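Data first, discussion second: the structure below is written as structure tokens.
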Amino acid sequence: MDAKVRDLINEQIRKEFYSAYLYLDFANYYDEVGLDGFANWYRIQAQEERDHALLFYDYLHNNNQTVTFGAIEQPTWERGDNMTPLKKALEHEEYVTSLINGIYAAAYEVRDFRTMQVLDWFVKEQGEEEKNASDMITKMELFGGDSKGLYMLNSELKTRVYSAPSLVL
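Just so we're on the same page, our numbering is the position in the sequence shown counted from 1, plus 1.
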């Protein structure tokens, strides 16, 4: 495996763990304001991000590459209203998409087709992540200003359950 590709994947592992940490912080915010459904949604989102990190971890190990761990930064975001974490989540998912695209471009440059094939799953996943984040904003805009609507939306988000990703490396 090309060293640049390996290093970018190692960096992505750290970024995925940061994403999990960020989403746990969003869950923490929602728990504090009494929106347990939103908190549940983001706790599950944190689990997904952790598993994305582990998929990259497994991929490197399965290809006899060294995994290195850097420090995970503390999430920093300006707390505001209940919409703030939702907008920050969309912004963050767009950033993660740019990181995945950067790894893909590096793999393409060195004709690392195996890595590109694995990254195809992540490219598709990022499309889903961005759509989910955007849909959350839309729902909050539609229903969040009304206490009954917010209650219903919170109740809907409380029903989300975790489903581990299925990707064969």
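Each residue gets a CB set at the ideal place from its N, CA and C atoms; glycine is no exception. Predicted model, so just to flag it, every value in this text is computed and none were measured.
For Gly103, name the three-state secondary structure that DSSP assigns.
-> Counted from its first residue, the sequence shown places residue 103 at position 102. Three-state DSSP puts Gly103 in a helix.
Residue range of the alpha helix (DSSP H) that includes Ser148 = Within the sequence shown, residue 148 is the residue found at index 147, counting from 1. Where Ser148 is concerned, the enclosing alpha helix (DSSP H) stretches over 148-159.
When the Cα atoms are used, what is the spatial distance from Glu142 to Ala21?
-> In the sequence shown, the residue the question calls residue 142 occupies position 141. In the sequence shown, the residue the question calls residue 21 occupies position 20. The straight-line gap from Cα to Cα measures roughly 25 Å.
Count the other C-beta atoms from every protein chain shown that fall within 10 angstroms of the C-beta of Glu97, then say buried if there are 16 or more, exposed otherwise.
-> For the purposes of this step, residue 97 is taken as the residue at position 96 of the sequence shown. Residue 97 is actually Val in this sequence, not Glu. Its Cβ being crowded by 16 or more others within 10 Å, Val97 is buried.
Measuring alpha carbon to alpha carbon, tell me which of Ile10, Ile101, Tyr30, Leu36 ends up nearest Tyr152.
-> Start at 1 with the first residue of the sequence shown, and residue 152 comes out as number 151. Closest option to Tyr152, judged by alpha-carbon separation, among Ile10, Ile101, Tyr30, Leu36: Leu36.
Contact set for Ile45: own chain, Cβ-Cβ below 6 Å, skip 5 residues either direction = By 1-based counting over the sequence shown, the position of residue 45 is 44. Counting only Cβ-Cβ distances below 6 Å, and skipping sequence neighbours, we find Arg161, Tyr163.
What is the DSSP secondary structure of Gly35, reduced to helix, strand or coil?
-> For the purposes of this step, residue 35 is taken as the residue at position 34 of the sequence shown. Here Gly35 sits in coil by DSSP.
Look up Met84 in the DSSP assignment and say whether it is helix, strand or coil.
-> Taking the first residue of the sequence shown as 1, we reach residue 84 at position 83. Of the three classes helix, strand and coil, the one that applies to Met84 here is coil, per DSSP.
Ignore the nearest five residues each way along the sequence and tell me which others in Leu158's own chain have a CB closer than 7 Å to its CB.
-> Here residue 158 refers to the residue found at position 157 of the sequence shown. Only Gly38, Phe39, Asn41, Trp42 meet the Cβ criterion.
Closer than 8 Å by C-beta to Phe18: which residues in its own chain qualify, once you throw out the five before and the five after it? Chain order, please.
-> Counted from its first residue, the sequence shown places residue 18 at position 17. The answer, listed in chain order, is Glu50, Arg51, Ala54, Ile73.
Sequence-distant residues of the same chain with beta carbon closer than 8 Å to Asn155, five excluded per side = Translated into positions along the sequence shown, residue 155 becomes position 154. The residues Leu36, Asp37, Gly38, Phe39, in chain order, have a CB closer than 8 Å to that of Asn155 in the same chain once the five nearest residues on each side in sequence are set aside.
Ser148 to Met2 span [Cα, whole Å] = The residue given as residue 148 occupies position 147 in the sequence shown. The residue given as residue 2 occupies position 1 in the sequence shown. In this structure, the straight-line span from the alpha carbon of Ser148 to that of Met2 is close to 54 Å.
Own chain residues within Cβ distance below 8 Å of Tyr173, not counting five before or after | In the structure displayed, the chain extends from 2 to 170; residue 173 sits before or after that span and is not available.
Cβ contact check for the segment 81-88 and the segment 56-72: 3 or more pairs under 8 Å | No: fewer than three Cβ pairs fall under 8 Å.
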